[in-house]
Amino acid sequence: MKSVGGGRRPTYKNPETKVWLDLMAAKGWTAPEWPTKYGGGGLSRQEHMILQEEMARLKCRSPLSSFGIWMLGPALLEFASEEQKLEHLPKITKGEIRWCQGYSEPNAGSDLASLQCKADDMGDHYMLNGSKVWTSYADYSDMMFCLVRTDFKNKHKGISFVLLDMDDPGVKAVPIQLISGNSPFCETFLTNVKVPKVNRIGEEGFGWTIAKALLQHERTMIGDLGSHQELAPLSVLAQKYTQSQEGKLLDRVLRDKIAQIDMKNDAFQLTMQKFREETEAGQPPGPAASMFKYYGTELNKEKYELMLNIIGYQSLGWEGELFNETELKTTRDWLRTKGNSIEGGTSEIQLNIISRRVLGLPDGGKR
Amino acid sequence: MALVLNEEQLMLRRSAMDFCKNTGPITHFRSLRDSKSADGFSRDVWKQMCELGWAGITVDEAYGGLAFGWQGLGVVMETLGTTLVPSPLLQTVALGASLIEQAGSEELKSKYLPSIISGDTLVSLALEEEGRHRPEMIMSIAEKNQDGWIANGRKVMVTDAHVADQMIIAVRTAGESDDTHGISLFMVPQDDPNLTITTSLLVDSRPVSAVSFNNLQVNDGQLLGEIDGGWKFLDQTLDKGRIILAAEMLGIATRSFEMTLDWLKEREQFGVPIGSFQALQHRASHMFSEIEVAKSAVYKALTALEEDPSSVPVLASMAKAIMGELLYLVTNEAVQMHGGIGVTDEHDIGFYIKRARVAEMTFGDSVFHRDRYATLQGY
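Same order as they appear, the protein sequences are chains A and B. Counting in the working numbering, the first sequence runs from 1 upward without gaps. Counting in the working numbering, the second sequence runs from 1001 upward without gaps.
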């Protein structure tokens, strides 16, 4: 999901986009629940929900969506020092700095805590060497929040959380082409990258705790992706591509399957809404995030598989004039959904977390 | 929009949980089953439920009800589902009282609602005529005569007919056999000599009846709603029944899952609790996710009964279809994960899968409700 708006080298769809961003940022409504002193709107959860309802009613789009708002900001609010909050949060809310995430490494995927990117202590700064993978839009980002190893003897407690500048000459971001043909991710190589110690969040060795809290925000966000797609309803698609009589789909099996996915989708949206009603502003989502991530991404995959079934042969195009734009996009998006149940912790990792942290099932050993 | 229970509803839930613990634990159901109770429920327990006001939860205060709302009845039914407490709440209150209150004359309302609330009148709806839920398919006929109408027909899968004081029968007074127009509803005393009630036992140990009527005389005073115009009320009432049944199903699913989870932690094989095996953990976590999502569908439908009547049909079908699928998953997994003990009569889990299947099919299974949902949504 690409960041919208902002950054040191911003590109806007049109001049109005920038006006909308600046006006909303001035009210703090790019991050409505953050305290006003950090550039937020200072709204309660309920007030935020009213704002969302009104914006939806007026068909307003989100003025700014970024990893800074969804992921880093909440973690900074919870773990950063006052100076760090005042330094970084307002730049996020105004869209001045775009952030990317440096978590996974080529040899640290599901077992994230085995990461090896090292940070050598150089007195007033760290020297970083290693590589990060699946850094979303690293090639468009200004800064990276990054997990590094400050101690090789301690697996979890040897990890620290630092903020690095992507303009450092030692940073090289190389886009990765996915099965969908797009390159939303990069592999990012870090060679003698300097990070001032004031850019470490929390104590040295405290990074894993921050990382886990931040992941909960990421997982909730990924689980909710399906609801942000501006898609035609499945039934409308089926009315277009399959036979129907006065709107009623004649393929009974397909119709049943569509109703099943529609209902699941409605019920899942209600579950997210219920969760938002139950939690207060600023409260981290907790292990429930794993449920949202698991359910939302698996459901979205099912939905896209069904879309292919509905569209039929026209869903099999890769490029060329025999296929229209929507058909080609659906095919690419179908392939992209395969990554949703992998990034931010695989479905299997989420099920592990639910087992242990929600259901209290005993630990089955090494994982 | 309340997807989260308020303080009053939480108090009601606590009171229902106490009730299930002290008066209606699962051993209560087992002893009813073992004693081959002819009623299928305990009159004494029903009396206590009425003393708590549960029979009047949804009924207007003018008739002595609590006007606490459908979410209240939903909370009670969900809780009763956890220990499978059998009671006339679904038939007499969710269907009977609701139909009388919506469609009955002032005379019928003031005659029956107070005595339903006090527990003295039980009501049973005789609707189905086919081997699966098709509420508009009514071939039982009532023909006009000088005293009113004379009815002939046969109803199946009638719950509580054997204990009811009043039957509500759906008959055709006009139209073809599957028209929604032409259906009329009459209240009939259960002991009318022209009614023949044959009762058998369902797999969930609850009695079920076939009800035949032969030249049964009914008149204007027994009519609920208008002649030929019963469908509107029937449809609305069935949705209430579906949603309340979905709440009971949620309780059944939740408890089956809890029992399974306890077993996974307790049962040891290969020297460790079986719940430490990832193959079982992932299936348990998947069920947990499905339960959470289904819960939202049920609560939303209950809320809509109070706040948004126009969305009730869609949400009722959604809740019933989703709960049906969930219960199928959870009860099958529960029996499988219990292993050998799960297929013995000694263990309670078998009661849950049996009740589950009856609830799944009653008032429409998941396929029925997906079809209805699609139709309501215009495809």
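Even glycine gets a Cβ: it sits at the ideal position worked out from N, Cα and C. In this text, all values refer to a predicted model and were calculated from it rather than measured experimentally.
What does a CB cutoff of less than 8 Å around residue i pick up in its chain, not counting 5 residues either side in sequence?
i, result
"residue 1045 (chain B)", "1023, 1024, 1028, 1085 and 1087"
"residue 1340 (chain B)", "none"
"residue 1251 (chain B)", "1077, 1078, 1079, 1080, 1081 and 1082"
"residue 117 (chain A)", "102, 105, 128, 129, 130, 131, 132, 146, 147, 148, 149 and 190"
"residue 1009 (chain B)", "1071, 1072 and 1075"
Please say whether residue j and residue i have beta carbons closer to each other than 8 Å?
i, j, result
"residue 151 (chain A)", "residue 186 (chain A)", "no"
"residue 215 (chain A)", "residue 345 (chain A)", "yes"
"residue 1161 (chain B)", "residue 1190 (chain B)", "yes"
"residue 76 (chain A)", "residue 85 (chain A)", "yes"
"residue 1361 (chain B)", "residue 1330 (chain B)", "no"
"residue 295 (chain A)", "residue 1293 (chain B)", "yes"
"residue 1267 (chain B)", "residue 1274 (chain B)", "yes"
"residue 129 (chain A)", "residue 199 (chain A)", "no"
"residue 1060 (chain B)", "residue 1107 (chain B)", "no"
"residue 995 (chain B)", "residue 362 (chain A)", "This structure leaves residue 995 (chain B) out entirely; chain B is present only between 1001 and 1379."
"residue 287 (chain A)", "residue 353 (chain A)", "yes"
"residue 219 (chain A)", "residue 292 (chain A)", "yes"
"residue 1358 (chain B)", "residue 1203 (chain B)", "yes"
"residue 217 (chain A)", "residue 63 (chain A)", "no"
"residue 1163 (chain B)", "residue 1128 (chain B)", "no"
"residue 1219 (chain B)", "residue 1148 (chain B)", "yes"
"residue 1119 (chain B)", "residue 1020 (chain B)", "no"
"residue 1213 (chain B)", "residue 1168 (chain B)", "no"
"residue 1041 (chain B)", "residue 1057 (chain B)", "no"
"residue 276 (chain A)", "residue 49 (chain A)", "yes"
"residue 94 (chain A)", "residue 173 (chain A)", "no"
"residue 1177 (chain B)", "residue 1227 (chain B)", "no"
Provide the residue(s) that pair with residue i in DSSP beta bridges, ordered along the chain.
i, result
"residue 1152 (chain B)", "B:1141"
"residue 1198 (chain B)", "B:1210"
"residue 161 (chain A)", "A:147 and A:201"
"residue 1124 (chain B)", "B:1167"
"residue 121 (chain A)", "A:126"
"residue 1268 (chain B)", "B:1273"
"residue 1218 (chain B)", "B:1149"
"residue 1158 (chain B)", "B:1209"
"residue 1129 (chain B)", "Answer is none; residue 1129 (chain B) lacks a bridge partner."
Cutting at 6 Å between CB atoms, please list the residues of its own chain near residue i, excluding the five before and the five after it.
i, result
"residue 4 (chain A)", "Per-residue confidence for residue 4 (chain A) stands at a pLDDT of 49, beneath the threshold of 50, marking its modelled position as unreliable; the derived number appears in the next sentence. Around residue 4 (chain A): 65."
"residue 1093 (chain B)", "1055"
"residue 1016 (chain B)", "1076 and 1079"
"residue 1240 (chain B)", "1094 and 1098"
"residue 221 (chain A)", "70"
"residue 1134 (chain B)", "none"
"residue 1012 (chain B)", "1072 and 1075"
"residue 196 (chain A)", "125"
"residue 1001 (chain B)", "A caution first: residue 1001 (chain B) carries a pLDDT of 42, below 50, which makes its placement in the model unreliable, though a value can still be read off. Taken in chain order, the list of residues that qualify is empty."
Between which two residues does the beta strand (DSSP E) carrying residue i extend?
i, result
"residue 126 (chain A)", "125–136"
"residue 1186 (chain B)", "1183–1189"
"residue 172 (chain A)", "171–176"
"residue 1020 (chain B)", "Segment 1007–1022 is the alpha helix (DSSP H) holding residue 1020 (chain B); no beta strand (DSSP E) there."
"residue 188 (chain A)", "185–196"
Here's a check: name, in chain order, each residue in its chain whose Cβ is nearer than 7 Å to the Cβ of residue i, leaving out the five neighbours to either side.
i, result
"residue 165 (chain A)", "143"
"residue 1244 (chain B)", "1073, 1074, 1077, 1090 and 1094"
"residue 110 (chain A)", "346 and 349"
What residue range does the alpha helix (DSSP H) around residue i cover?
i, result
"residue 1048 (chain B)", "1043–1051"
"residue 1280 (chain B)", "1278–1307"
"residue 1075 (chain B)", "1070–1082"
"residue 1367 (chain B)", "1366–1376"
"residue 101 (chain A)", "Careful: residue 101 (chain A) lies outside any alpha helix (DSSP H), inside the beta strand (DSSP E) at 99–102."
"residue 347 (chain A)", "347–353"
"residue 273 (chain A)", "252–278"
"residue 46 (chain A)", "45–57"
"residue 227 (chain A)", "225–228"
"residue 1106 (chain B)", "1106–1117"
"residue 1102 (chain B)", "1098–1103"
Assuming residue i and residue j are in contact, meaning their beta carbons sit under 8 Å apart, how far apart are those beta carbons, in whole angstroms?
i, j, result
"residue 409 (chain A)", "residue 300 (chain A)", "Residue 409 (chain A) is absent from the model: chain A starts at 1 and stops at 367."
"residue 1172 (chain B)", "residue 1140 (chain B)", "6 Å"
"residue 100 (chain A)", "residue 79 (chain A)", "No, residue 100 (chain A) and residue 79 (chain A) are not in contact; Cβ-Cβ is about 19 Å, not under 8 Å."
"residue 251 (chain A)", "residue 239 (chain A)", "With a Cβ gap of about 11 Å, residue 251 (chain A) and residue 239 (chain A) do not count as contacting."
"residue 261 (chain A)", "residue 302 (chain A)", "6 Å"
"residue 1186 (chain B)", "residue 1224 (chain B)", "7 Å"
"residue 351 (chain A)", "residue 1281 (chain B)", "7 Å"
"residue 1364 (chain B)", "residue 1320 (chain B)", "6 Å"
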